[in-house]
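Report on the following structure.
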Amino acid sequence: MIGNDIVDLALARKESNWKRNRFLDKIFTAKEQLLIADTENPEIMVWNLWSRKEAAYKIYNRETGIRGYFPLQLECVYENEISGSVSIKGNTYFTKTTISDAFIHTIAVVKKEKFDTIRKLNSNETISKSDGIPFIIDEQTKITKPVSISHHGRFWEGITLID
-6 MIGNDIVDLA
4 LARKESNWKR
14 NRFLDKIFTA
24 KEQLLIADTE
34 NPEIMVWNLW
44 SRKEAAYKIY
54 NRETGIRGYF
64 PLQLECVYEN
74 EISGSVSIKG
84 NTYFTKTTIS
94 DAFIHTIAVV
104 KKEKFDTIRK
114 LNSNETISKS
124 DGIPFIIDEQ
134 TKITKPVSIS
144 HHGRFWEGIT
154 LID
């Protein structure tokens, strides 16, 4: 299973006031709020942690069928600005994050070795959905493969597994 999330930093700055009263309390655990408070660039940390939670949630939703808004149940373990994991109800998902001046993009997987099997999709590839969950059909093997799609502002990312 895979998940991914992308944050357009310009749009996030425009639409989300993460500094407003109680915003962080609704989304981040006490440990995560300490990470935000103790970093040189709290805004980047906010969206880094948020994208990790969103990417992991996409896997959790596929595995359990549970949909909802419960960001405090997803807790990030922050190794560094690129690597970490997210846990929810006994499930752990591993994350890799890319940070640029324009966006933050996170990919989540159930096993670390799956990072080596990620393939980025082109936005023109045929993506189907079943019960709102995206997939593609491999042209050669005709096997259904999971897809994770994320879009925010100017950015779109779609990923699948090559194995």
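Per my numbering: the sequence shown = residues -6 to 156. No residue lacks a Cβ here, since even glycine has one placed at the ideal position from N, Cα and C.
Shortest Cα-Cα distance from E47 to any of G58, F63 and P35 involves F63.
In this structure, DSSP gives L154 an extended state, which the three-state scheme calls strand.
Cα atoms of I20 and Q133: separation of roughly 42 Å, rounded to the nearest angstrom.
I152 sits buried, since 16 or more C-beta atoms from the chains shown fall within 10 Å of its C-beta. Cβ neighbours of G146 within its own chain (closer than 7 Å, five residues either side excluded): D1, A3 and L4.
Under the DSSP assignment, K122 falls in the beta strand (DSSP E) whose first and last residues are S121 to S123. Take the alpha-carbon of F96 and the one of A23: they are about 25 Å apart.
Assigned with DSSP and collapsed to three states, N84 falls in strand. Secondary structure note for E47: its alpha helix (DSSP H) is the uninterrupted segment P35 to T57.
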